[in-house]
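Encoded as structure tokens, the structure appears first; notes follow it.
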Amino acid sequence: MGNDLLQRRARLLGPNVPIFYDRPVEIVRGQGASLFDAHGQRYLDAYNNVAHCGHSHPRIVKAICEQAGVLNTHTRYLHEGILDYAEALLGKVSFPGQLLMTCTGSEANDVALRMAQAVTGKRGFIATDNTYHGNTTAVAHLSTRRPPIGGWPDHIRRVPAPDSLAPLGGSLAAQPEAFAAHVARAIDELEASGHGFAGFMLCPIFANEGMPGVAPGFLDPTVEVIRRAGGLILCDEVQPGFGRIGSNFWGHEWLGFTPDVVTMGKPMGNGHPVAGLVAQPQVMAAFREAFGYFNTFGGNPVSVVAAMEVLRVIEDEGLQENAAEVGAYLLGGLRELSHPLIADTRGLGLFLGIELARDGEPASAEAGRIVEAMRDRHVLMGRVGRAQHILKIRPPMVFSRSDADELIGKLTDCFEELPA
Ligand code: PMP
Numbered sequence: 001m002g003n004d005l006l007q008r009r010a011r012l013l014g015p016n017v018p019i020f021y022d023r024p025v026e027i028v029r030g031q032g033a034s035l036f037d038a039h040g041q042r043y044l045d046a047y048n049n050v051a052h053c054g055h056s057h058p059r060i061v062k063a064i065c066e067q068a069g070v071l072n073t074h075t076r077y078l079h080e081g082i083l084d085y086a087e088a089l090l091g092k093v094s095f096p097g098q099l100l101m102t103c104t105g106s107e108a109n110d111v112a113l114r115m116a117q118a119v120t121g122k123r124g125f126i127a128t129d130n131t132y133h134g135n136t137t138a139v140a141h142l143s144t145r146r147p148p149i150g151g152w153p154d155h156i157r158r159v160p161a162p163d164s165l166a167p168l169g170g171s172l173a174a175q176p177e178a179f180a181a182h183v184a185r186a187i188d189e190l191e192a193s194g195h196g197f198a199g200f201m202l203c204p205i206f207a208n209e210g211m212p213g214v215a216p217g218f219l220d221p222t223v224e225v226i227r228r229a230g231g232l233i234l235c236d237e238v239q240p241g242f243g244r245i246g247s248n249f250w251g252h253e254w255l256g257f258t259p260d261v262v263t264m265g266k267p268m269g270n271g272h273p274v275a276g277l278v279a280q281p282q283v284m285a286a287f288r289e290a291f292g293y294f295n296t297f298g299g300n301p302v303s304v305v306a307a308m309e310v311l312r313v314i315e316d317e318g319l320q321e322n323a324a325e326v327g328a329y330l331l332g333g334l335r336e337l338s339h340p341l342i343a344d345t346r347g348l349g350l351f352l353g354i355e356l357a358r359d360g361e362p363a364s365a366e367a368g369r370i371v372e373a374m375r376d377r378h379v380l381m382g383r384v385g386r387a388q389h390i391l392k393i394r395p396p397m398v399f400s401r402s403d404a405d406e407l408i409g410k411l412t413d414c415f416e417e418l419p420a
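Using full-length UniProt numbering, you'd call the opening residue of the sequence shown number 1 and step up by one each time.
And the structure:
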């Protein structure tokens, strides 16, 4: 059965379509933090930030179905739904902003780039060298998984990402200033090249980089450099947003800075494809004047009820508080794991990582073995970091203490089997 599906996939979808695990799983149903395969086997989902409120949350499913039965259409009519959602979402953002809705995080980031161009009249961007911001042509240039054909374009500069095994500047204490110095150099290069500096796009918890040695205040020297140069800070909250980090609703609040644009996606509709951004009003105005913008599906009546119900469920079920509480419990348990290859265990709410290293170098193969061994024990997790050497735990926000116990127990077994 599994092999049949793999063959059909290759025949119908073409080669190289990403799939998780050496022995891929065929998931047919989800509920809460559980997924079920075609044979009825349950898996604990310790990875999925799309099903933020839990898989197939009944309230969100109901809201989508009811609205789909009444109206779904393109977004050029008056409709109260998007306005109700804007009021609710903007109330969650710490600066006075305005909302633009899209269908994917990639589109939201793409628009954010154009906003920075509209405000500054310049076209150069900076991102870290180990990040992911999506797959439109423009943001793919910031996402370093594959160099574009013809090489990286000249108006994009990639600065070294913060690192916990080899911190910039030689130590974790020196890293914030060293990072800012790299950004300052990139800005100078962009200005000298004639492209000019429009903005810096970053994830405020450096999620795809594996949260490497970053703490509140980390970005202060960088923010100063960017503000002095007149560029915009484009904050990609696709991963940390919507309360995942427990302490705050957004990653930038935790880090302690105010962005010009905040982009969001994945968890926003609990699986329904809805994304968007919140921009400072003068940024929104400059963008609308320079570009005009229309998105057929972005902010349609069904998408906004899905997104609205997600906000309500986060509130009603105390999911941000659960992320803080269960996240701290889980982090405590993970820190008890003992193995010579564990270099660091860190976490913010329900976003946690275990960094594996040998003699200060990333232990990527071993991280891969743990992920596969966990899959065989029916717990789904992933990997991040510059060498994919950091175990990534990022479950639905309904993850419970007993889910945490199951995860810790099975990880303990996997590490016991892993040669030192
Ligand atoms: N930004 C970040 C940080 C992401 O993790 C992702 C998706 N992995 C994106 C942007 C792109 O979002 P989408 O896949 O919805 O286009």
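By construction, the Cβ of each residue, glycine as well, lies at the ideal position given by its N, Cα and C atoms.
Residues of the same chain with a CB within less than 7 Å of the CB of Pro148, apart from the 5 flanking positions on each side, are Ala140 and His141 in chain order.
Residues whose Cβ lies closer than 7 Å to any heavy atom of the ligand PMP, listed in chain order: Thr104, Gly105, Ser106, Glu107, Asn109, Tyr132, His133, Gly134, Asn135, Cys203, Ala207, Asn208, Asp236, Val238, Gln239, Gly265, Lys266 and Ala275. Per DSSP, reduced to three states, the secondary structure at Ile64 is helical. In this structure, Asp84 places its C-beta atom within 9 Å of the C-beta atom of Met308. Looking only at Gly265, Leu311, Arg358 and Pro160, the smallest Cα-Cα distance to Gln239 is reached by Gly265. Two segments are said to touch when three or more pairs of C-beta atoms, one from each, lie closer than 8 Å; by this definition the segment 31–49 does not touch the segment 293–303. For Cys235, the three-state secondary structure derived from DSSP is strand.
Looking at the DSSP output, Gly332 sits in no beta bridge, so it has no partner there. Contact between Val214 and Pro162 holds: their C-beta atoms lie close to 6 Å from each other, under 8 Å. Residue nearest to His339 within the set Glu416, Asn49, Ala108 and Asn130 is Glu416 (criterion: CA-CA distance).
Residue environment: Glu66 is assigned as exposed (fewer than 16 neighbouring CB atoms within 10 Å of its CB, all protein chains considered). Between Lys410 and Val384, the C-beta gap is not smaller than 9 Å, which leaves the two residues out of contact. The C-beta distance from Phe179 to Ile126 rounds to 11 Å, too long to meet the 8 Å contact threshold. Ranked by Cα distance from Arg335, the first of Ile354, Leu319 and Glu321 is Ile354. Under the DSSP assignment, Glu355 falls in the beta strand (DSSP E) whose first and last residues are Phe351 to Arg358. The segment 29–38 makes contact with the segment 387–406: 3 or more CB pairs, one atom from each, lie closer than 8 Å.
The segment 228–235 makes no contact with the segment 314–330, as fewer than three CB pairs between them are under 8 Å. Between Leu255 and Pro221, the C-beta spacing is not below 9 Å. Minimum Cα-Cα distance from Thr296 among the listed residues Gly151, Arg8, Thr73 and Asn49 corresponds to Thr73.
DSSP places Thr412 in the helix class (H, G or I) of the three-state scheme. Look at Asn322 here: in three-state DSSP terms it is helix. Between Val119 and Ala192, the C-beta gap is not smaller than 9 Å, which leaves the two residues out of contact. In the three-state reduction of the DSSP assignment, Phe36 falls in the strand class. Among the bridge pairs identified by DSSP, Tyr43 is matched with Leu35. Counting only runs of 4+ residues, the alpha helix (DSSP H) found wholly inside the segment 233–283 occupies 251–255, in chain order. Relative to Phe257, the option among Ala357, Ser94, Met211 and Gly327 whose CA is nearest is Ser94. By a beta-carbon distance limit of 8 Å, Arg157 does not contact Ala138. Their separation comes to about 15 Å.
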